[in-house]
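Only one structure is covered here, and it is reproduced in the block below.
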Amino acid sequence: MIWNWSASVTPLQRKVYRISLQNIGENKLKDIQRGQNKYKEEKQSKNEEVVPENENIIIGRNPVMEALKSGREIEKLVILKDAEGSIKKIIGMAKEKKLHYQLVDKAALERIADGRVHQGVAAVVSNYEYCDVEDILEKAREKGEDPFLIILDGIEDPHNLGAIIRTADGAGAHGIIIPKRRAAGITDVVVKASAGAVEYVSVAKVSNIAQTVDKLKELGVWVGACDMGGTEYHKADLRGKIALVIGAEGQGISRLVKEKCDFSLSIPMCGKINSLNASNAAAILMYEVRRQRG
């Protein structure tokens, strides 16, 4: 038997139903218009900022996976539907931790990634928590090791900062010190460049690098500057309490900070170019410290 809906309702019910459909259509149109307005606002803000300052979103499989492993607070995961490989492991970890995740299409994820390579996953996370310099020194004490710190004097390139953090984790540095102003901070770009190592390396922000060098020296830490006029790094004694200062790209270490350092280290160059990228120079020096510590 086929039920005839139109024959079973009154004219009044039909009128109510038509009004309901009309309201639904109007609401849908408003939703679409709101979405268009939102898109325009995002587009305008993106044009105003050279680098997005939203530090609450991380992208990429390794960064997200390390955030999950480290226990960092994650509000939500956004995952490309039908993604394969390690994405399935990420979903499994999310289920295990009872985290909310949403499967989306490629276009939605690319809007979130804002042009960066997302590898099929993004995470909305808590703000990165910077530590104090004392926290870094305490970490060394807890391990029964002499402090090994990296001081970055005005590194502005987030990819360099991320690469240095990744190397610091591998070389066993206890932490990194960066200035509060005129330098890169921990952003989603840095997190991705570090391959997730930012979840394990302590980073302290200080108001004045020169004053921080003075305080470390008072605590018996020897501070060395990476400088072309210094002793070749492999000839220096880098055992004991050590802090290495790496300068900004192109400008190097500021004059005042360099004057306060106990010694300078240079990296021999055999080619036509007389300097290395900041992250490469930092990697060479960090692993020399690691080698001498055995």
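Numbering of the sequence shown is given in the numbering used here, commencing with residue 282 and proceeding in unit increments.
Virtual Cβ for every residue (Gly too), placed ideally from N, Cα, C.
Whole-Å CB distance - residue i paired with residue j, under 8 Å assumed
i       : j       : result
Ile-431 : Leu-525 : 6 Å
Ile-527 : Cys-507 : 5 Å
Gly-505 : Leu-546 : 5 Å
Ala-464 : Leu-433 : 7 Å
Ile-548 : Ala-529 : So it is not a contact: roughly 16 Å between Cβ atoms.
Gly-368 : Arg-342 : Position check: residue 368 holds Ile in this sequence, whereas Gly was assumed. 7 Å between Cβ atoms; contact.
Ala-478 : Arg-447 : 4 Å
Ile-523 : Val-502 : 7 Å
Extent of the continuous alpha helix (DSSP H) run through residue i
i       : result
Glu-415 : 414-424
Ala-389 : 387-394
Gly-451 : 439-452
Val-359 : Run containing Val-359: none in the alpha helix (DSSP H); it sits in the beta strand (DSSP E), 355-361.
Ala-348 : 342-351
Arg-520 : Looking at the DSSP string, Arg-520 is not in any alpha helix (DSSP H), and its letter there is neither H nor E.
Glu-540 : 536-541
Beta-carbon proximity of residue i to residue j, cut-off 7 Å
i       : j       : result
Glu-480 : Glu-347 : yes
Ile-339 : Val-398 : no
Asp-427 : Gly-521 : yes
Val-471 : Gly-443 : yes
Ile-458 : Ala-449 : no
Val-484 : Ala-404 : no
Lys-516 : Ser-488 : no
Tyr-409 : Ile-445 : no
Val-494 : Lys-541 : yes
Gln-573 : Leu-519 : yes
Residue interval of the beta strand (DSSP E) (run including residue i)
i       : result
Met-509 : 503-513
Ser-367 : Ser-367 -> not in any beta strand (DSSP E); alpha helix (DSSP H) instead, spanning 367-377.
Asp-556 : Residue 556 is actually Ser in this sequence, not Asp. Here Ser-556 belongs to no beta strand (DSSP E), and DSSP marks it neither H nor E.
Leu-546 : 544-547
Ala-403 : 402-406
Ala-524 : 523-528
Leu-433 : 429-434
Gly-456 : 456-460
*Would you say the segment 563-573 touches the segment 442-459, given that touching needs at least three Cβ pairs under 8 Å?*
yes
*Would you be able to state if there are at least three C-beta pairs under 8 Å between the segment 407-426 and the segment 438-449?*
no
_Which complete beta strand (DSSP E) runs does the segment 464-500 hold, if anything under 3 residues is left out?_
483-487
*Any chance the segment 384-394 sits against the segment 359-368, with 3 or more Cβ pairs inside 8 Å?*
yes
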